[in-house]
Every structure is written in structure tokens, then in C-alpha cells.
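So the sequences go chain by chain: G and U.
Going by the numbering used here, the first residue of the first sequence is number 200, and it counts up by one from there.
Going by the numbering used here, the first residue of the second sequence is number 999, and it counts up by one from there.
For reference, the structure is listed below as C-alpha cells.
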Amino acid sequence: MKHLITLIEIFVFTFLSSQLSGQDRLSARQIADLSYEVTRVAGMEATATMTIIDDKGRERVRKTAQVMKLYDNGETEKRLVRFLAPADVKGTGLLTFDYKTKNDDIWLYLPALRKTRRIVSSEKSKSFMGSEFSYADMTPPTLDDFKFDLLGDADVRRTACWKIEMTAVDDDIADENGFSKRISFIGKQDYMIRKAIYYDIDGELHKELNVFEIKEIDPQNHKFRAMHLEMENKQNGRKSILKMEKVVFNPNVKDEYFSVRYLERE
Amino acid sequence: MKLRLILVIWLSLTISLSAQDLFESAIVEGDQLSSSNYELNGHLRAVIFGGKTDNKNEAEIKSSYGEAGLKLRLRQQHFGDAFAEIRFRKGQEFNQSLSEVNLREAFVNVYLGKFDLRIGHQIVVWGRADGFNPTDNITPKNMLVRSPDEDERREGSFVLRSFYNSQLLRLEAIWAPVFTPSVLPIDVVELPEGVAFGSAHYPDANIKNGSVALKLNLISPSFEASLSYFNGYYPLPGIDMTEPRFSVSGVRFELIPRPYRMHIIGSDFATTAGSYGLRGELAYRKALNDYRKQIYIPNPDFQWVAGVDREIGDFSIVLQYIGRYVADFTEKKSPVNPFELPAFEVEMKNRLFASQLHRLSHAVSFRSAVNLLHQTLKLEFAGICNFTTEETLFRPKITYLLADAMQMTLGGEIYRGSDDTLFGLVDDLLSAIYFEMKLSF
């Protein structure tokens, strides 16, 4: 019996050792995959505030309520975003079916027109709500569109991180996403991005993202959300701050939210 | 004990009824003015339109007004909500003092599982094409409204609207019991001597005068389409006339706005193909009464719109081809008999307003826009060119966001066409440049 316990102890130790050393040997792509997976939450509701600060310090504020849920074993993420402020865009709704392998389906509801309009999703490089965040920054990238290199280790605000370079496979992908290269600093404990540096199509330094707060919203499945992000444009001095004010993990989000019917309810 | 049990049940019911998800409660709480389940929003704006005077090369103020708009929305958990929008407008328009209160919409929504019901004074918008919608015939438009926003021309009318929703299909049924006419610029057009507008012959509120419509929507993730049917009074009345009275001083008769009932069968679709959005819409219209015997009733016609839209960075464009085929079309020549001339003139004006001057007509519309300065400056250029009638309308517009919810707009509406076309007729009246400042809250 004593031999058996010793054998088990040896096995467990060996297994843990291999796991730890295995983490150290993860490839850049594997880290990117894990970084993608830890943000895939089964269902979530949130409110957020985006503060856009121009180079003269003037501020514009946008508020949204959003709800999302994963479908098709995680292959599809459905999201509904409703604008709450400012007053001139209040009630505007955006319904997105975000697919892993094909272009998204997107509907936009404009209260002034009383009409829902299907829109084309290919322009991910566009600014999101006039901020320094692009649509591509707001959703996980299609990983197969990029190649990954592990540049080494670095600490970001006292968190040990991997330094991963992500380069668009061709110019079309770079154009579509609005950057040719991104260097991400990914936490070794939670696989969450702590910082990212963006290079534009010409390879020039463009933007820097800093993530100041991360919350584990689904502790059972180790799923996380960035709660406070700041994106600084190094070329024009503008900055945008995205704060998630309330986030609720809810895998049982009502399916009816993700319909044109609900989109049109202001 | 019994009382306590009732109290517990009542409390648990109250709690469950008022329970809302974060998403729903955030939408209600999003309004800073309200601390309850109502929202109060609105706008204040000042607009000035300047254009040329009729047949003179002089400028005049076509319209200038200040407007306060209030929007009230009440919510009752997931059972339903109610909405009202009221506008107060003071100023001058068409060389007349303007002071009006307009209840643009006031309706109540009830949500009953898969059924939705909306009843009240409301605007119904149908059609997936951009700006030109042959299937959009439920509620009227006021073409005399001057505003930088085209949607401001829409008017509400009393409508009962119900929906049945399934996963992919949405069936919509509409009953509009009371006829509300559209307003064309003809009301302010100068008429020849001896001709005047008489009282309109609008249908009374008899239940048989109501309009009904059905629409079946298919909304799948990659493709959406609809089939629709309308049976009722077309919002834009025709122009009938009284018997002309001839004398040595000339001819005298009255023009009578008179609506007519129509069948309209329509369909539309929207989808995407790669980086392009594709949309289309078509409708077949036929009056219930004999169009051959009444000059104010148009011929049956087919209308269709096919469009493509594309976004390239901050630039977007929508291009559409618009066509119309008029069935049983006959060319009309000016009669030799002068006593037949008034009826001929009125019939030709009806053809003009119904866009039936030609058997087949072709037009192209476009809407292009570019967002600059981090989406604070928007340059927009929209228009339509009718190749058959050689009419054009151009709408350039510049909008600048001074701050959140505060914008100023400079733009114009330029109508061009020969005197026997609709745009030519309204050119002097409606062509204008405008400036607007607007603050929303």
C-alpha cells in the first residue's frame, strides 16, 4: 500500500512538472489560442462607458448596454449592443452574429429611420464610435489570418507576460484589420492581454493598448474579461478609455435578445 | 396565516414581475433624467432655408423656425411599453407665419409571448431599399416639411399593427381604420386663373374605408426577404376635377383631391456578398376602381429597385437602379377641342404626380458619405437622376458634431427638370440651401 501511495505521488509530481514545463514550452500560436479561449464566455451582460479624449483634452462619452452568448459549441458569438448615450445616438442598436470562420452578419437599427438595416461586416479597421478602438480591436481576431512569434518574456505592471508578435499573413488582412503587426503582452497566469502595441499598414508605431483591470467572470471555467482598457494613439495624441461598469456572467441569456425583433425594441 | 400566505405570494409575484436582466435594466437606467421606468428625451433645433423666389433671380427665406421636440417612453417590464413624440414649431414657412404643435407619434406596445401588438398614432416604414420603397405605402408623408432629415417628412396615422414571431419568420398584420392623406407640394403651387382647389373628398371613418396589409418576413442570418400585400387607400390622393364651366372670360373649375383604393403586392430582400451589400424591392400596384374611367386613378404599374452598397474605410456608398413600367399606357396628345383641354391638363398632372409620364422609366439613385475628423465631420452627397424624364435631385450635406449630441448641418436640396416634370414644377418652391443647429438631450 505504501508503495502504491509513493507511486501515485511520483506520478502526480511527474505530471505537474510536465505541465509546468509544458507551459513554458507553449508556442506563440498556442498562447494566442489560449488567450482567445479565456475570453470566450458562455453568456454575459454588461454596461460600458467609452470616453474619447482628443489631443486637446476634450472629452466625448458614449455609453452602451450589451449582451452576448455563445452558440454552435462556441463557433458563433451573438452580440447585441444598445447605445444609451449620447442623446443623438440613444436607442441605436447593433446585432452581430460573429462567426469564427466566415464574415459576420450585422444588423443596425437606427431609431430615427425606424428601420433595421443589414450592413456589410468587412470593414473591421473602422473606428468604433469615433474612438481609437477599431471594430477589429473590439472582437477577437481570426487567428488563422496571422502568424505568431514568441519574442520573449516581459513584466507589465508586475505581471509576468509572454511577448508575442502577431503579423498579418498578407496586405489584405492587414488592411482589413487596420494593422500590419501587433505585439501583445499576455499574462502567464490567466492568458489575458495586459498590453498591446499596434503598427500601422506602413509598419509605423500606431497605437498602444493598456489593460488596467481584469475580472474572472466565470471562475468555474476560468473565463475573463478586461474591465478597464485604454487605447492611446501615438500618431495623433488621442486616447480612448473603455470601462466595463457592470459585468454579469449569465450563460442563460435569453435567446430572444439576438433577433431583429428585439433589436427594434428601443 | 392565510393572510401571511397571500402576502408572501403577492410579494414573490411582485419581485418576479419586476425582475429584469442587467441588459434591460441598463437601458432604462441609461436615461439620466429618469429614475423610474420612463425616459424623457428630445431635441431643440433652429433651421433656416434660403432659396430663389418664384421665377425671379432673387433670394428669399423659404423657411425659418425653432423647434422643440419631446420624446417620452414608458416601460412596463417585459409586458410592453408606450411612446409619444410631440413637436412644437414656431417660425415662418412659405411666406406665412408658422406656429404648430404636432403629435408625431403616440402608441402602446404589448408583448405577449410570440405576439407583439402596437396600437396608436404611429409611423410605419416598410422596404429594404434605400430611400425609394415601392412597398412603403402604409402611413403618409408630408412633402412640404422642410428639414435636413428626410425622415422628418414621414407622418403618423392611427394604425393597429400586430406581429407573430417565430425563429425565422415574422408575420405582420396591419389595420389602418382611418385614412390620412400624404401632402404634396401642389397645395402651395400657384394655380391658373379660374382654377382653385375644392374640398377634398376623403373617406369617412366608416369601417369599410379602412386599409389592411400583411407582410411575411423571412429573416435568416445570411439572407432576409419579405412578401407583402396592401389593400386600402393609397396615401397620396389623386386630383379629380369638377365639371368645367366655360364663359367668355375663360374656364372655371375646381381641383378635388380624391384618394383611391389599391392592391399592392410587394417583395424585398437584403443580403451580403463578400464586401458588398445587396438589396432589392419591387411592387405591383393596381387600383380597385377602373383607372380608364377616372382621371385621378393611375394605371397599374410595376416598380422595382435594385441596389448595392459598399464601405471602404470611412467612405460608404449606396447605388440603386430604379425602374417603373406602366401597364396599359397610352400616349396622350393635347386635344384639338379646347373644351377637352382642362380634363387633359388635369390628367397629365395626375400622371406627373404618379410618375406615369412614360411607359417605362429608368432612374439611378446614390448616397455617398465620408466620415472625417474621428467621425465628427460627415460629408454626404445623395441624389437621383431620372434618365427618362431628365429630372435630377441632389442633396449635399455637411454635418459637424460640435460636442456630444450637439451638431450643425449645412446642406442643400437642388431640384432640376423641365417645366413638365415634377422636379421642374417644384424647383422654385423647394430648391434651397439650409443651415441647422441641433442639440439633443
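By construction, the Cβ of each residue, glycine as well, lies at the ideal position given by its N, Cα and C atoms.
Because the structure is a prediction, the values reported are computed rather than measured.
Range of the contiguous beta strand (DSSP E) that encloses S234 (chain G) = Not the beta strand (DSSP E): S234 (chain G) falls in the alpha helix (DSSP H), residues 227–236.
Give the C-beta separation of I400 (chain G) and I385 (chain G) to the nearest angstrom, bearing in mind that I take them to be a contact with Cβ-Cβ under 8 Å.
-> Wrong, their Cβ atoms sit about 24 Å apart, outside the cutoff.
Where does L1253 (chain U) land, buried or exposed, given buried means 16+ other C-beta within 10 angstroms?
-> buried
Which of helix, strand or coil DSSP assigns to I400 (chain G) = coil
Would a C-beta distance cut-off of 9 Å place P285 (chain G) and V266 (chain G) closer than the cut-off?
-> no
Does any residue of chain G bring its CB to less than 9 Å from the CB of L1115 (chain U)?
-> no
Identify whether R1322 (chain U) lies in helix, strand or coil by the three-state DSSP scheme.
-> strand
Which residues in the same chain have their Cβ closer than 8 Å to the Cβ of A449 (chain G), if we skip the five residues on either side of it in sequence?
-> Sequence inspection shows Asn at residue 449 (chain G); the Ala mentioned does not correspond to that position. Cβ within range, chain order: G242, M243, E244.
Pull up the distance between the alpha-carbon of Y1413 (chain U) and that of F1130 (chain U), whole angstroms please.
-> 17 Å
Find the residues of chain U that neighbour F347 (chain G), judging by a C-beta separation of less than 7 Å, and give them in chain order.
-> The contacting residues do not exist; F347 (chain G) stays about 26 Å from chain U at best.
Are at least three pairs of beta-carbons, each pair with one atom in the region 1189–1201 of chain U and one in the region 1230–1242 of chain U, less than 8 Å apart?
-> yes
Going by DSSP, which residues form a beta bridge with W1173 (chain U)?
-> U:L1158, U:V1210
Just the chain U side, please: which residues come within less than 9 Å of S326 (chain G) by C-beta, in chain order?
-> D1312, N1369, H1372, Q1373
Step through the CB atoms of chain U and report whether any lies within less than 9 Å of the CB of S220 (chain G).
-> In this prediction, S220 (chain G) has a pLDDT of 46, which is less than 50 and means its spatial position is unreliable; nothing more can be read from the coordinates.
Quick one: complete beta strand (DSSP E) runs, 3+ long, within the region 372–444 of chain G?
-> 380–386, 392–398, 404–417, 422–432
Beta-carbon contacts of R460 (chain G) that lie in its chain and below 8 Å, excluding the five residues immediately before and after | none
CB contact check: K1330 (chain U) to chain G, cutoff 9 Å | no
Identify each residue in the region 1204–1230 of chain U for which the Cβ-Cβ distance to at least one residue of chain G is less than 7 Å, and report them in chain order.
-> I1217, P1219, S1220, E1222
So which residues of chain G does E1309 (chain U) contact, with C-beta pairs closer than 7 Å?
-> V319, E322
Got a sec: which bits of the region 1068–1079 of chain U sit with their beta carbon under 8 Å from any beta carbon on chain G, in order along the chain?
-> R1071, D1079
Under the three-state DSSP convention, the category P1138 (chain U) falls into | coil
Leaving out five residues on either side along the sequence, give the residues of the same chain with a beta carbon under 7 Å from the beta carbon of K1347 (chain U).
-> I1237
Compute the Euclidean distance between the alpha carbons of D1029 (chain U) and T246 (chain G), then round it to the nearest angstrom.
-> Because D1029 (chain U) carries a pLDDT of 44, less than 50, the predicted location of this residue cannot be relied on, and the following value inherits that uncertainty. So the two alpha carbons sit approximately 13 Å from each other.
Going by other Cβ atoms of all chains shown within 10 Å of its Cβ, with 16 needed for buried, is Y1274 (chain U) buried or exposed?
-> exposed
When you compare only the Cα positions, how much space is there between I1310 (chain U) and M391 (chain G)?
-> 32 Å
Give the C-beta separation of G1410 (chain U) and I1431 (chain U) to the nearest angstrom, bearing in mind that I take them to be a contact with Cβ-Cβ under 8 Å.
-> 4 Å
Check each candidate in G:V319, G:F345, G:H405 and name the one with the smallest Cα separation from T1269 (chain U).
-> G:V319
Within chain G, the residues that D1266 (chain U) reaches when beta carbons sit closer than 8 Å | Chain G residues near D1266 (chain U): none, gap ~11 Å exceeds 8 Å.
Does the ligand ATP have a heavy atom nearer than 8 Å to the CB of G1230 (chain U)?
-> The model on display carries no ligand, and the ligand ATP is accordingly not part of it.
For R424 (chain G) and chain U, any beta-carbon pair shorter than 9 Å?
-> no
Would you check if the region 1292–1304 of chain U and the region 1147–1159 of chain U touch, i.e. whether three or more CB-CB distances between them fall below 8 Å?
-> no
Beta strand (DSSP E) segment containing E465 (chain G), residue limits = No beta strand (DSSP E) contains E465 (chain G), which DSSP labels as neither H nor E.
Assuming G1278 (chain U) and A1127 (chain U) form a contact by the criterion Cβ under 8 Å, report the distance between their Cβ atoms to the nearest whole angstrom.
-> 7 Å
Take S1226 (chain U) and list the residues in its own chain whose beta-carbon comes closer than 6 Å to its own, dropping the five residues that flank it on each side.
-> T1133, K1213, G1264
Rounded to whole angstroms, what's the CA-CA distance from A425 (chain G) to I1217 (chain U)? Just pull it up for me.
-> 33 Å
So, is R1243 (chain U) buried or exposed, given that buried needs 16 or more other C-beta atoms within 10 angstroms?
-> exposed
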